[in-house]
Amino acid sequence: MPTDQDPRFLRSREAILHAARELLLEKGPTAVTHVQVAERAGVGRATVYRHWPQAELLLVEVMATVPMPFFDEPTVPTRDWLRRELTAMARQLDLDDVRAVATTLATNALWDKTMDARRAQFAGILGTRLAAALDDAQARGEFTPALPSRDAAAMAIGPMYYRSTIERTSTDEDLIEAIIAALGTWSPSPR
29 MPTDQDPRFL RSREAILHAA RELLLEKGPT AVTHVQVAER AGVGRATVYR
79 HWPQAELLLV EVMATVPMPF FDEPTVPTRD WLRRELTAMA RQLDLDDVRA
129 VATTLATNAL WDKTMDARRA QFAGILGTRL AAALDDAQAR GEFTPALPSR
179 DAAAMAIGPM YYRSTIERTS TDEDLIEAII AALGTWSPSP R
């Protein structure tokens, strides 16, 4: 049985990660399955299972290698940008594979230091980006916060995560508007 020091083991692992990353970027998270990754990597399904018994674990690892798209490159007016970003995130959380990754990451982070580091990385990126966008909006006079900007990601993403993973339903437009309103007072957008 190959070990993690065996060159064949390392080559197959790299081929699998490369194939999974390509599939994620080309077709989204639902394409990262054992079958599709094995076919793209040119390895047997059993090899993929040997490295990652659960597709969600492979997807979590691959997601750590691609840029995080959410809350990146804010635009003005910030409220409209935030609505688009939260809607895009909510639609991703509607996907079963993304929902599975979110719950797998949260659960495994309790016991696995590597997963906890990935969880912290994702949380840090999201929290920092959203806080910076809201701080900029406040500086421009667009927004008066109801809570510290460092807490905005928890206030914004928390209800959507709950809706997706606990209730297993979609976040609708009304909840997104309520989330945005809960973050603070918004100045009217010039039309």
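Taking the working numbering, the leading residue of the sequence shown gets 29, the next gets one more, and so forth.
Glycine included, C-beta positions come from ideal geometry on N, C-alpha and C.
### Task
With DSSP collapsed to three states, give me the class of residue 176.
coil
### Message
Just to confirm the assignment: which complete beta strand (DSSP E) runs, minimum length 3, are found wholly within the segment 151-195?
### Response
171-173
#### Entry: Endpoints, alpha helix (DSSP H) assigned at residue 197
No alpha helix (DSSP H) holds residue 197; DSSP gives it neither H nor E.
### Task
Confirm, please, whether the CB-CB distance from residue 106 to residue 164 is below 9 Å.
yes
#### Entry: Neighbour-count burial assignment, residue 176, 16 or more Cβ in a 10 Å radius
exposed
#### Entry: Delimiting residues of the beta strand (DSSP E) encompassing residue 214
212-214
### Query
Closest by CA to residue 205, which one among 49, 115, 123?
115
### Query
When you compare each of 108, 84, 125, 78 to residue 58 by their alpha carbons, which one comes out closest?
125
### Query
Relative to the C-alpha of residue 122, which residue among 43, 42, 194 is closest?
194
### Query
For the candidate residues 211, 47, 184, whose alpha-carbon lies nearest to that of residue 117?
184
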